[in-house]
Amino acid sequence: MIGTEEITTIVASSLRLTAPLAFAACGEYLAERAGTQNISVEGMMLGGAFGSVAVASTTGSATTGLLAGAIVGLVVGFIHGNLSHRVQINTFVVGLVLNALVLGLTSFLIAVSEFDSNQVAQVNIPGLADIPIIGPLFSQRWPMYLLLLLIPLTWWLVERSRWGLNLRAIADNPQAADVTGLKVNKLRRQALLYCGLLSGLGGAYLATAEVGSFNMNMTAGRGFIVIAAVIFGAWRLKGTLIGCLVFGFADALRLALPALGFELNSQLLVAAPYLMALLAMMLFASSNREPRALGKPFVRGIT
Amino acid sequence: MSQDAGGSAATAGGSRRMPNIAQLMRPSERSVQVALITFVAVAVAVVASMFLVAATGGSPGDAAEALYTGSIADTAAWSETLKAATPLLLVALGACISNRAGVFNIGQEGQLLLGAGVAAYVALHLALPGVLVMILSLLAGALAGGLWSGASAVMHYTRNVNIVVSTLLMSFLAIQLVSFAVTVPWILQAPRASADSIASSESAQLPPEVRIPGFGQYPALEIGGGLIVSIILTIVLAVLLGRSRWGFRLNMLGLNPMAARHAGVRAPWLGGTALALSGAFAGLAGAIILSGQVFRLQPALSNNFGWDGLLVALIARSRPIAAVPVALLFGALRSGSSFLASTGVPNYLVDIVQALLVLAFVVPPVLAKVRSRGRAEATPPPAEPVPASTTEPEKVTA
Numbered sequence: 133m134i135g136t137e138e139i140t141t142i143v144a145s146s147l148r149l150t151a152p153l154a155f156a157a158c159g160e161y162l163a164e165r166a167g168t169q170n171i172s173v174e175g176m177m178l179g180g181a182f183g184s185v186a187v188a189s190t191t192g193s194a195t196t197g198l199l200a201g202a203i204v205g206l207v208v209g210f211i212h213g214n215l216s217h218r219v220q221i222n223t224f225v226v227g228l229v230l231n232a233l234v235l236g237l238t239s240f241l242i243a244v245s246e247f248d249s250n251q252v253a254q255v256n257i258p259g260l261a262d263i264p265i266i267g268p269l270f271s272q273r274w275p276m277y278l279l280l281l282l283i284p285l286t287w288w289l290v291e292r293s294r295w296g297l298n299l300r301a302i303a304d305n306p307q308a309a310d311v312t313g314l315k316v317n318k319l320r321r322q323a324l325l326y327c328g329l330l331s332g333l334g335g336a337y338l339a340t341a342e343v344g345s346f347n348m349n350m351t352a353g354r355g356f357i358v359i360a361a362v363i364f365g366a367w368r369l370k371g372t373l374i375g376c377l378v379f380g381f382a383d384a385l386r387l388a389l390p391a392l393g394f395e396l397n398s399q400l401l402v403a404a405p406y407l408m409a410l411l412a413m414m415l416f417a418s419s420n421r422e423p424r425a426l427g428k429p430f431v432r433g434i435t
Numbered sequence: 003m004s005q006d007a008g009g010s011a012a013t014a015g016g017s018r019r020m021p022n023i024a025q026l027m028r029p030s031e032r033s034v035q036v037a038l039i040t041f042v043a044v045a046v047a048v049v050a051s052m053f054l055v056a057a058t059g060g061s062p063g064d065a066a067e068a069l070y071t072g073s074i075a076d077t078a079a080w081s082e083t084l085k086a087a088t089p090l091l092l093v094a095l096g097a098c099i100s101n102r103a104g105v106f107n108i109g110q111e112g113q114l115l116l117g118a119g120v121a122a123y124v125a126l127h128l129a130l131p132g133v134l135v136m137i138l139s140l141l142a143g144a145l146a147g148g149l150w151s152g153a154s155a156v157m158h159y160t161r162n163v164n165i166v167v168s169t170l171l172m173s174f175l176a177i178q179l180v181s182f183a184v185t186v187p188w189i190l191q192a193p194r195a196s197a198d199s200i201a202s203s204e205s206a207q208l209p210p211e212v213r214i215p216g217f218g219q220y221p222a223l224e225i226g227g228g229l230i231v232s233i234i235l236t237i238v239l240a241v242l243l244g245r246s247r248w249g250f251r252l253n254m255l256g257l258n259p260m261a262a263r264h265a266g267v268r269a270p271w272l273g274g275t276a277l278a279l280s281g282a283f284a285g286l287a288g289a290i291i292l293s294g295q296v297f298r299l300q301p302a303l304s305n306n307f308g309w310d311g312l313l314v315a316l317i318a319r320s321r322p323i324a325a326v327p328v329a330l331l332f333g334a335l336r337s338g339s340s341f342l343a344s345t346g347v348p349n350y351l352v353d354i355v356q357a358l359l360v361l362a363f364v365v366p367p368v369l370a371k372v373r374s375r376g377r378a379e380a381t382p383p384p385a386e387p388v389p390a391s392t393t394e395p396e397k398v399t400a
């Protein structure tokens, strides 16, 4: 039977599995609100995970590693932005190639190098951490608390800042935004930088906060789940984060159920995020929730 | 609508246009430029990969030699190269169709595995004469892949779901579906060897009579039936895309959906079948890997053939004939990679080389176009027709 201890385990592990998704989802959410759809978020996360472990191992500081991971993600975002919103190569082609490149590079480099294991410190909130069942919520690696800052920041950036207003404008009607003087492609590149920074951080969180080491293709499609979460959330931050929680929970169940003696096929749980995102797309796609110019390249003069 | 925007392999397409000096001058200037940049970019990609090997303590010379030995040094190596090139070519052919129509399918990995799965089911469960079962299983594989990507087309044209994202997500569903099928005894899981052995997550072996026959035996050159099928399909597709009304309409739809609609092209029908066809090619590729090469369904059967096949099509700029040498190159890299291990260089090197090659081929034409557009904006443009040369990636409707 399921006791409180099992529930505690599942709650804790869902949260841990949600966090990397949530970091990246904040970034991807902002990027999609700017009208870019970058499947390279997978590459950003994977690169971030590798970069963080490599740097954490050389410097001995997991925090430096975390920062380095974010910077690797930023670099991927920079490359993506310049290739798809300066040189104007189709964003999906760029994403596909970048994912392949990052996967190849990290697999290659991990095979020829040895890294020490490093983890960032755990912070317990006194008092709250001892509460049964929900106690683990208050006993987390410290970047989790950073996430709690980043979520409102992302919301504020998109919904309240001038920059975010511009981003939303270029996502819905780039031609009109261009006429008013906004630099559409420049803004999209900036959005991709933000996405890269946060996705890199998400990957770094996975590697240096939860696992402590890097293994080949460590993110294993989490970047695509992030995209699914943004769609599932109908391009709203709240919905996106709920999507991350649901998908994180499904992942936690997949890991926990066999130990609890339940027979539920793991393939269904792995497939659940994709299935739910597809259903959500079919529901939302025609209700105008999607940024209107999402994924479409902007070229001045062509409507 | 000419496809000769890109450099070195510029052949067909241009010849169909009226020979007008003013028109011929500009593209050729640009294509020389593109060819030059491409050459430099490929050189940079190769040098960067070699530098990476050297920097991580390997010997670039040894790595290159291992790649050569494993891919084209002798007939046995050539057999492996051809074996790897076959599914790559098939996937690329399918991608040529969908890319031209402007419907960008990136779910080939899943469509391929699903095709293999359904082909395995037919091959293992159908009690008919061997050859018939083989043909039916190949067709079933193609059908499965086609239905899978066709579902994305239905979602797009009825509910306006983004094709790229839905093919991607559907592809992960297909992978889980096949992974599930090989763990269920009454679907595809192989029976246990003995009562106390653990049942493995794979299908039983295909009986010899339902496998695709081929020519040649190790160590002589082996030419699988699948390769012959894919070469025939390449030629058929090249003719259809270049000469038929269907091919013309596909190009029109991809280059300008609005104009195509005014010309009477029904986008849902033409784009939908293009997407379904691309999936069918991927499914066929999976079925051919299964019944021509590995004979046993495992979730790892797809082995990135879907992703890499798409990259082949990108380098070939959606021209079937150009996809043949590119598929051979990628196949050679694949077969050569198995020899890398002995030199101490991880075989993931090949993945890096492939990705860099794609960048080296995809970036220059677009770069040249953007530069010439920049020039055109700076100076009043001469009487030039609509920018005819468009590379594949830009045809995509999101």
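As you go down the protein sequences, you meet chains A and B in turn. Going by the working numbering, the first sequence opens with residue 133, and the numbers climb by one from there. Going by the working numbering, the second sequence opens with residue 3, and the numbers climb by one from there. Glycine residues also receive a C-beta, built at the ideal position from the N, C-alpha and C atoms.
Asked	Found
Chain B contact residues for F356 (chain A), given Cβ-Cβ distances below 8 Å	L170, L171, F174
Cβ neighbour criterion (16 or more within 10 Å) applied to A201 (chain B)	exposed
Through-space distance from G308 (chain B) to G9 (chain B), alpha-carbon basis	Only weak support is given to the placement of G9 (chain B): the predicted model assigns it a pLDDT of 40, under 50, and the value that follows is read from those uncertain coordinates. Cα to Cα, the separation comes out at about 26 Å.
Where R165 (chain A) falls: helix, strand or coil (DSSP)	helix
Close Cβ partners of A146 (chain B) (< 6 Å) along its chain, the five nearest in sequence each way excluded	L116, G117, V120, G285
Nearest neighbour of L335 (chain B), chosen from B:A78, B:E82, B:S293, B:N253 [CA to CA]	B:E82
Whole-Å CB distance - V234 (chain A) paired with V207 (chain A), under 8 Å assumed	The pair is not a contact, with the Cβ atoms about 10 Å apart (cut-off 8 Å).
Residue from A:A339, A:G344, A:L411 whose Cα sits closest to the Cα of A366 (chain A)	A:L411
Limits of the alpha helix (DSSP H) - the one that S271 (chain A) falls within	No alpha helix (DSSP H) contains S271 (chain A), which is instead part of the beta strand (DSSP E) from 271-273.
Nearest neighbour of V436 (chain A), chosen from A:E174, A:H217, A:L387 [CA to CA]	This structure cannot speak to residue 436 (chain A), because chain A is shown only from 133 to 435.
Beta-carbon neighbours of W80 (chain B), restricted to chain A and to distances below 8 Å	Neighbours of W80 (chain B) on chain A: none; closest Cβ ~25 Å, over 8 Å.
Chain-order list of residues whose beta-carbon lies under 6 Å from that of G375 (chain A) (same chain, five-residue window excluded)	A361, F364, G365
Q254 (chain A), enclosing beta strand (DSSP E) - first and last residue	254-256
Under 9 Å by beta carbon: chain B residues contacting T406 (chain A)	It should be pointed out that residue 406 (chain A) corresponds to Tyr in this sequence rather than to Thr. Neighbours of Y406 (chain A) on chain B, chain order: L170, L171, M172, S173, F174, L175, Q178.
Nonlocal neighbours in the same chain, by C-beta distance under 6 Å from L415 (chain A), ignoring five residues either side	none
Span separating the alpha-carbon of Q191 (chain B) from that of G334 (chain A)	37 Å
Selection from B:Q35, B:A269, B:D64 that minimises the alpha carbon distance to T160 (chain B)	B:A269
Simplified DSSP state of F217 (chain B), which is helix, strand or coil	strand
Backbone CA spacing between M350 (chain A) and Y337 (chain A) [nearest angstrom]	12 Å
Proximal residues to V388 (chain B) (C-beta, below 6 Å), its chain only, five neighbours per side dropped	Here V388 (chain B) scores only 48 on pLDDT, less than 50, and its place in the model should not be relied on; the value that follows carries that caveat. So the list is empty, once near-sequence residues are dropped.
For G227 (chain B), three-class secondary structure by DSSP	helix
Candidates A:E137, A:T238, A:A163, A:S271, of which the one nearest L324 (chain A) by Cα	A:A163
Amino acids of chain B, ordered along the chain, whose beta-carbon sits closer than 8 Å to that of A403 (chain A)	F174, L175, Q178, L179
Short-range partners of chain A found in the segment 136-157 of chain B, where Cβ spacing is below 7 Å	M157
Closest by C-alpha distance to S345 (chain A), when choosing among A:L178, A:I257, A:L280	A:L178
Within-8 Å CB hit, F394 (chain A) to chain B	no
Residue nearest to P436 (chain A) in terms of C-alpha spacing, selected from A:A301, A:L407, A:D248, A:S331	The displayed coordinates of chain A run from 133 to 435. Any statement about residue 436 (chain A) would go beyond what the structure contains.
Under 8 Å between C-beta atoms of G109 (chain A) and L329 (chain A)	Because residue 109 (chain A) is not part of the residues shown, which for chain A are 133 to 435, the question remains open.
Cβ contact (3+ pairs, closer than 8 Å) linking the segment 165-180 of chain B and the segment 107-116 of chain B	yes
Burial state of I142 (chain A) (16 or more Cβ within 10 Å)	buried
Chain A within 8 Å of A357 (chain B), Cβ atoms only	yes
Under 7 Å from the C-beta of Y350 (chain B): neighbouring residues of chain A	G236, S239, F240, A243
Partner residues on chain B for M177 (chain A), Cβ-Cβ distance less than 8 Å	The contacting residues do not exist; M177 (chain A) stays about 16 Å from chain B at best.
Proximal chain B residues relative to G414 (chain A), where beta-carbon distance stays under 7 Å	The displayed chain sequence assigns Met, not Gly, to residue 414 (chain A). Per Cβ cutoff of 7 Å: M157, R161, V163.
Contact list for G59 (chain B) against chain A, beta-carbon separation under 9 Å	V244
Nonlocal neighbours in the same chain, by C-beta distance under 6 Å from N214 (chain A), ignoring five residues either side	none
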